[in-house]
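Right, one structure below, let's go through it.
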Amino acid sequence: MGFGRGKVILLGEHAVVHGCPAIAVGIERGVTATAAAAERDLLRLSPWDLALRADPKGDEPLERAFAVALAMYPSRPPLEVSAQVDLPAGAGLGCSAAIGVAVLDAIDEALGIERSRTDLATAALAWEEIFHGNPSGIDNTMSAIGGVGFYRKGDALRPLRSNKPLHLVIGYSGESSSTKQMVASVGRQLKSDRKRVNKAFEGIEVLVRNAKLAIEAGDHIALGQLLDLNHTILSSLMLCTTKLDDMCQAARHAGALGAKMTGAGGGGCMFALAPKRDEALRLQDVLGEDSFVAEVSA
Ligand code: MEV
């Protein structure tokens with residue numbers, strides 16, 4: 291069975307596209323997939339009830355991505371790949387990358403190809419590039435490798451170690467957004483107001499570096515404060531919505547150590563850092579029925 295995890299960016303999204311480091315975690319929810327020889331190439335996606343062909347010029351990004359994936363295997367039979375997606379799409383949890391990782395992993399398994407999760411992550415970047423032209427590579431890397439990682443575009447993922455697990459509560463605003471559009475919006479702001487946006491990126495980089503130390507030291511109070519500050523800088527880049535702000539505020543009032551939007555923004559998900567497991571369950575009630583708890587060990 292092929293598997294691609296979802297991911298939560300703890301700090302550093304968007305700045306990571308422009309060369310700054312970021313910290314992210316892989317979560318247990320994701321995409322599973324199987325592949326088998328068939329009469330023709332087909333990608334089935336549930337629960338969306340989609341059956342897509344591989345078409346390098348298709349209207350659907352998934353058709354183009356599937357064509358890119360299949361082209362990596364020059365001698366193969368026609369393949370039917372069935373993927374089960376257990377992540378909201380367009381919600382900042384790395385759904386497209388997780389599908390790519392799961393599909394490639396399933397094809398590898400069907401064809402008896404063995405490769406490391408790091409090589410799988412590298413291969414899945416070509417899939418991710420179909421969905422937005424300028425990916426940092428963090429989504430496909432976390433999807434394939436998981437754990438808690440310090441990532442900088444072009445470098446190998448650096449796993450972070452700590453003896454204290456992170457209790458995250460992920461809340462979905464119900465608003466979906468396009469990573470491509472959000473990344474392009476930041477790109478436009480950078481072009482028109484380079485000084486302001488570079489200052490924002492510099493600020494984010496300082497927060498990411500301090501968050502690395504806080505995670506390694508198990509100092510979740512400091513980590514929570516850094517998350518709140520990162521959320522504010524992302525707001526200044528016009529990436530947050532009122533709903534995301536309200537959810538973060540509600541989580542803080544209910545005892546979260548910190549809360550921020552995660553991923554591309556403009557909708558999608560936020561997360562809260564809970565002090566303990568039982569408080570994570572309480573925060574889940576505050577963040578609504580679509581929210582879920584992820585316990586991540588560094
Ligand atoms: C999307 O999950 C994270 C972004 O930083 C884009 C990227 O890193 O490719 C917004």
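Residue numbers (this note's numbering): 291 to 588.
Backbone N, C-alpha and C fix where the C-beta goes; we use that ideal spot for every residue, glycine too.
The structure presented is a predicted model; accordingly, all values stated were derived computationally and were not measured.
Beta carbon proximity, residue i to chain C, threshold 8 angstroms
i: GLN539; result: As a matter of chain content, chain C is missing from the structure shown, which is built from one protein chain.
Assigned secondary structure, residue i (DSSP; H/G/I helix, E/B strand, else coil)
i: GLY464; result: coil
i: CYS538; result: helix
i: ARG295; result: strand
i: LYS533; result: helix
i: GLU585; result: strand
i: MET560; result: strand
i: PRO567; result: Going by the sequence as given, residue 567 is Arg instead of Pro. Of the three classes helix, strand and coil, the one that applies to ARG567 here is helix, per DSSP.
i: ALA549; result: strand
i: GLY589; result: An answer regarding residue 589 cannot be provided, because it is not within the stretch 291 to 588 covered by the chain.
i: ARG572; result: helix
i: GLY514; result: helix
i: LEU524; result: helix
i: LEU447; result: coil
Selected residue, minimal CA-CA separation from residue i, among the options
i: GLU569; options: ALA546, GLY439, PRO351; result: ALA546
i: ILE428; options: HIS308, SER336, LEU571; result: HIS308
i: ARG295; options: VAL358, ALA312, GLY316; result: GLY316
i: ALA416; options: ILE403, LEU401, VAL391; result: VAL391
i: VAL321; options: SER467, TYR462, LEU394; result: LEU394
i: ALA490; options: ALA357, VAL306, MET291; result: VAL306
i: GLN464; options: GLY558, ALA562, LYS297; result: The sequence shown places Gly at residue 464, rather than the Gln named in the question. Of the candidates GLY558, ALA562, LYS297, the one whose C-alpha sits nearest the C-alpha of GLY464 is GLY558.
i: ALA327; options: ARG366, LEU352, SER336; result: ARG366
i: ILE299; options: ASN430, ILE389, ALA413; result: ASN430
i: ILE435; options: LEU447, SER426, LYS443, GLU579; result: LEU447
i: MET560; options: PRO346, SER372, ALA507, PRO378; result: PRO378
i: PRO438; options: ALA373, GLN574, GLU506; result: It should be noted that the sequence gives Val, not Pro, for residue 438. Checked all of ALA373, GLN574, GLU506; the closest Cα to VAL438 is GLU506.
i: GLU329; options: PRO346, PHE356, ALA357, GLU370; result: GLU370
i: THR532; options: LEU573, MET551, ASP580; result: MET551
i: LEU401; options: GLY292, SER475, ILE389; result: GLY292
i: LEU529; options: ASN500, ASP483, VAL473; result: VAL473
i: GLU303; options: ALA541, VAL476, GLN574; result: VAL476
i: SER336; options: ALA373, ARG405, GLU495; result: ALA373
i: GLU418; options: LEU517, PHE356, LEU577; result: PHE356
i: HIS457; options: MET537, VAL583, GLU495, ASP339; result: VAL583
i: ILE389; options: PRO368, PRO351, VAL487; result: PRO351
i: TYR441; options: LYS485, ALA501, ASP398; result: ALA501
i: ARG451; options: SER587, CYS310, ARG478; result: SER587
i: LEU613; options: PRO455, SER581, THR408, ARG319; result: It is not possible to answer for residue 613, since the shown part of the chain is limited to 291 through 588.
i: ASP445; options: SER466, GLN471, GLU399, ALA411; result: ALA411
i: ASN453; options: GLN574, GLY508, MET537; result: GLY508
i: ASP575; options: GLY555, ALA544, GLY556; result: ALA544
i: GLY578; options: SER466, CYS538, THR408; result: CYS538
Nearest-angstrom Cβ-Cβ length linking residue i and residue j, presumed shorter than 8 angstroms
i: LEU360; j: ARG343; result: LEU360 to ARG343, Cβ: 10 angstroms. No contact.
i: ALA562; j: VAL498; result: Rounded, the Cβ-Cβ distance is 19 angstroms, inconsistent with contact.
i: GLY514; j: GLY548; result: 3 angstroms
i: SER468; j: LYS443; result: About 21 angstroms; that fails the 8 angstroms criterion.
i: HIS510; j: PRO565; result: 7 angstroms
i: ARG334; j: ALA325; result: That pair is no contact at about 11 angstroms.
i: GLY382; j: GLY553; result: 2 angstroms
i: SER433; j: ALA414; result: 7 angstroms
i: ALA314; j: LYS297; result: 5 angstroms
i: ARG354; j: PRO346; result: 6 angstroms
i: ALA512; j: ALA396; result: ALA512 to ALA396, Cβ: 41 angstroms. No contact.
- Message: What ranges does the alpha helix (DSSP H) occupy inside the region 369-436, keeping only unbroken runs of at least 4 residues that lie completely in it?
- Response: Restricting attention to alpha helix (DSSP H) runs no shorter than 4 residues, the region 369-436 encloses them at 385-401, 407-421, 428-435, ordered along the chain.
Three or more C-beta pairs under 8 angstroms: does that hold for the region 419-426 against the region 518-535? The region 419-426 makes no contact with the region 518-535: fewer than 3 CB pairs, one atom from each, lie closer than 8 angstroms.
Counting only runs of 4+ residues fully inside the region 296-363, write out the alpha helix (DSSP H) ranges in chain order. Complete alpha helix (DSSP H) runs here, min 4: 351-360.
- Taking only runs of the alpha helix (DSSP H) that begin and end inside the region 477-510, which ones reach a length of at least 4 residues, in chain order? The region 477-510 contains, as complete alpha helix (DSSP H) runs of 4+ residues, the segments 484-507 (chain order).
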